[in-house]
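Below is one structure, written out as structure tokens; the observations come after it.
Residue numbers (my numbering): 12 to 217.
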């Protein structure tokens with residue numbers, strides 16, 4: 012599969028963690044093609060996004076050639092020990108994933124993940140390698156998601172249906188600029204309340 016090739020190129024471990032697959036799914040989902048355009052070319056203009064339970068924050072949509080989105084802040088709805096609060100946290104975490112992909116900044120993503128969340132760590136590591144290698148990810152949309160709570164044990168497991176946006180990206184500084192089309196996919200995410208705050212405990216294939 013193509014995502015396995017891209018993961019190997021940056022030193023990833025295909026098959027070891029769904030997080031790596033998810034990163035590349037966001038980058039190469041749909042019919043991806045190479046382009047000779049420079050890395051300064053902005054992403055395609057988005058078509059009307061599908062209606063979802065969690066709409067992207069339009070205040071953070073990017074414009075121009077050098078999008079610089081601000082880091083998402085934790086909403087008040089994500090505070091508390093209810094399932095609704097956990098659901099709001101999941102939506103916030105997805106916004107952080109978008110933010111990290113678009114900027115290469117992963118501190119906030121790390122801060123909201125448990126240390127034993129291997130999927131979270133792999134996700135952060137993979138994003139860092141993209142940007143450390145001179146790669147980038149540009150889009151004029153944020154990923155749309157629909158979050159549904161499932162089983163509850165030590166962690167609450169949520170099923171996330173996502174629509175990856177159309178993007179312009181480059182996996183490494185020496186690589187060609189590529190484009191990827193929108194595509195829907197599902198994954199699962201576990202969250203756990205620790206010290207009065209929700210944390211991501213796992214990310215895996217649903």
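All C-beta atoms, glycine included, are put in the ideal place defined by N, C-alpha and C. The structure presented is a predicted model; accordingly, all values stated were derived computationally and were not measured.
query                                                                                                                                                                                        : result
Using the three-state DSSP reduction, which class does residue 90 fall into: helix, strand or coil?                                                                                          : coil
Excluding five sequence neighbours on each side, which residues of the same chain lie with their C-beta closer than 7 Å to the C-beta of residue 159?                                        : 169 and 170
Please work out which residues of its chain come closer than 8 Å, Cβ to Cβ, to residue 119, disregarding the five sequence neighbours upstream and downstream, and give them in chain order. : 82, 83, 107, 110 and 111
Measuring only the C-alpha atoms, how far is residue 4 from residue 190?                                                                                                                     : Lying outside 12 to 217, the shown extent of the chain, residue 4 is not represented and no answer is given.
What distance in whole Å lies between the Cβ atoms of residue 205 and residue 97, which are believed to be in contact at a cut-off of 8 Å?                                                   : About 12 Å separates the two Cβ atoms, so there is no contact after all.
Taking the Cβ atom as the reference point for each residue, do residue 85 and residue 212 lie within a distance shorter than 9 Å?                                                            : no
Straight-line CA distance for residue 193 to residue 150?                                                                                                                                    : 11 Å
Verify whether the separation of the beta carbon atoms of residue 87 and residue 214 is less than 9 Å.                                                                                       : no
Taking residue 129 as part of the alpha helix (DSSP H), name the residues at either end of that continuous run.                                                                              : 129-143
Near residue 145, what residues of its chain come up, given a Cβ to Cβ distance below 8 Å and the 5 sequence neighbours on each side ignored?                                                : 181, 183, 184 and 185
Can you list, in chain order, the residues of its chain with a C-beta nearer than 6 Å to that of residue 66? Leave out the 5 residues immediately preceding and following it.                : With a pLDDT of only 40 at residue 66, under 50, the local geometry of the prediction cannot be trusted, and the value read off the model is given with reservation. Excluding sequence neighbours, residue 66 sits near nothing in its chain.
Are the beta-carbon atoms belonging to residue 163 and residue 101 less than 9 Å from one another?                                                                                           : no
Answer with buried or exposed for residue 216, where buried requires no fewer than 16 other C-beta atoms within 10 angstroms of its C-beta.                                                  : exposed
Which first and last residues belong to the alpha helix (DSSP H) in which residue 118 is found?                                                                                              : 118-122
Could you tell me which of 210, 179 and 174 sits nearest to residue 198, measuring between CA atoms?                                                                                         : 174
Among residues of its own chain, excluding the 5 on either side of residue 90, which ones have a beta-carbon nearer than 7 Å to its beta-carbon?                                             : 96
Roughly how many whole angstroms lie between the Cα atoms of residue 207 and residue 179?                                                                                                    : 38 Å
Rounded to whole angstroms, what's the CA-CA distance from residue 141 to residue 210? Just pull it up for me.                                                                               : 24 Å
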